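Residue numbers for the sequence shown follow our numbering, beginning at 18 and rising by one.
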Amino acid sequence: MKARYLFDKDYMADPSAHVFNGKVYVYPSHDWDSGAAFDDDGGHFEMKDYHVLSIDGDPMTGTVTDHGVILDLKEIPWAGRQMWDNDVVEKDGKYYLIFSCKDKNDVFHLGVAVADRPEGPFRPQPDPIRGSYSIDPAVFKDDDGKVYVYFGGIWGGQLQWYKDNKALKNEYLPSGKENPLPSRVARLTDDCLQFDEEPKAVIIVDEDGNILPADSPYRFFEASWMHKYNGKYYFSYSTGDSHLLCYAVGDNPYGPFVYKGVILEPVVGWTTHHSIVEYNGRWYLFHHDCVPSEGVTWLRSLKVMPLEYDAKGNIITMKSEND
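Following this line, the structure appears as structure tokens:
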């Protein structure tokens, strides 16, 4: 089945999809053309608010509703600019929006905003999460109710500024056969407002237990996502400059995760960012491309398509053809 464009009235990207109260909600970033020049650090991605979409019924056919702005840059006391990827988790009847944004010194951190409904509006906390850095939070609630946030991205995502959760004097980006910069994961406190532990590295290894090197086209770059299938933990991510969505499988939320393969072949546009969700017994891949904007990489459009597994639990590689 071909992919469906979800919302053609506006440019949105980085979709985080969840099922709340029996309905699929999608939390994207909100693209617009600010006029900023293109650069490798993503300075042209000047997003300044978040919306939420809901889907009435099957994601491939249901009516999509935009519930409007749920959080604006001007409402966040500590924020400076660039509201990048976000995600939402429900805990004890509250909804927690975990988002990435630069502070007034142009350093990325993760923030939290809270709502009583999945449609928002969300009320931001006065300060970012203590000890947080980089971008692309993905929030995963396990079967025992514990909540984890996966985050990180290199280049514009600033992950190369840090080692062992400490800022470096000089940034360092591994190359060649060195170990790559990994995503991070941290369990959240019960109130979902802070890290409950020091972030840990998310290690991806091959079938022989060797870490995928920095020059592998399948190494982590950004856009972490976590879902569970048949008791296994599926960590998926974007490879950035090699333009793939890949995944690895582990036995617990921390890994290590064994690399399994490519989920999605390259799409039109530089970035690839996704989420995976089950709804009414079927699995779906939410993602974006730049076909409607004729290849303008900072004006992206949301898409969804069915995702399938083989008998061994491997995700079948897909190509995002248009409907």
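Here a beta-carbon is modelled for each residue, glycine too, at the ideal position from N, C-alpha and C. Every value quoted in this text rests on a predicted model; they were computed, and no experiment measured them.
Reduced DSSP secondary structure (H/G/I, E/B, other) of residue i
| i | result |
| --- | --- |
| Asp-258 | helix |
| Glu-92 | helix |
| Gly-10 | Because the chain in this structure spans residues 18 to 340, residue 10 falls outside the shown range and cannot be described. |
| Trp-300 | strand |
| Lys-19 | coil |
| Ser-253 | strand |
| Asn-103 | strand |
| Cys-263 | strand |
Cβ neighbour criterion (16 or more within 10 Å) applied to residue i
| i | result |
| --- | --- |
| Tyr-326 | exposed |
| Phe-116 | buried |
| Arg-299 | exposed |
| Glu-188 | exposed |
| Phe-303 | buried |
| Ala-54 | exposed |
| Ile-333 | exposed |
| Ala-265 | buried |
Test item: CB-CB of residue i and residue j under 8 Å
| i | j | result |
| --- | --- | --- |
| Gln-142 | Gly-162 | no |
| Asp-120 | Ala-155 | no |
| Ser-200 | Ser-241 | yes |
| His-84 | Gly-170 | no |
| Leu-229 | Pro-45 | no |
| Gly-286 | Arg-236 | no |
Straight-line gap, residue i to residue j (C-alpha atoms, nearest Å)
| i | j | result |
| --- | --- | --- |
| Lys-111 | Asp-225 | 42 Å |
| Lys-40 | His-126 | 30 Å |
| Arg-140 | Val-105 | 13 Å |
| Ala-184 | Ser-51 | 30 Å |
| Pro-234 | Phe-37 | 35 Å |
| Glu-214 | Glu-311 | 44 Å |
| Leu-205 | Ile-146 | 10 Å |
| Asp-66 | Glu-92 | 10 Å |
| Asn-227 | Tyr-276 | 10 Å |
| Tyr-42 | Cys-263 | 23 Å |
| Gly-79 | Asn-196 | 44 Å |
Residue i at chain C interface by Cβ criterion, 8 Å
| i | result |
| --- | --- |
| Ser-117 | As a matter of chain content, chain C is missing from the structure shown, which is built from one protein chain. |
Given 8 Å as the limit, is there contact between the stretch 277–294 and the stretch 185–192, that is, 3 or more CB pairs closer than that?
no
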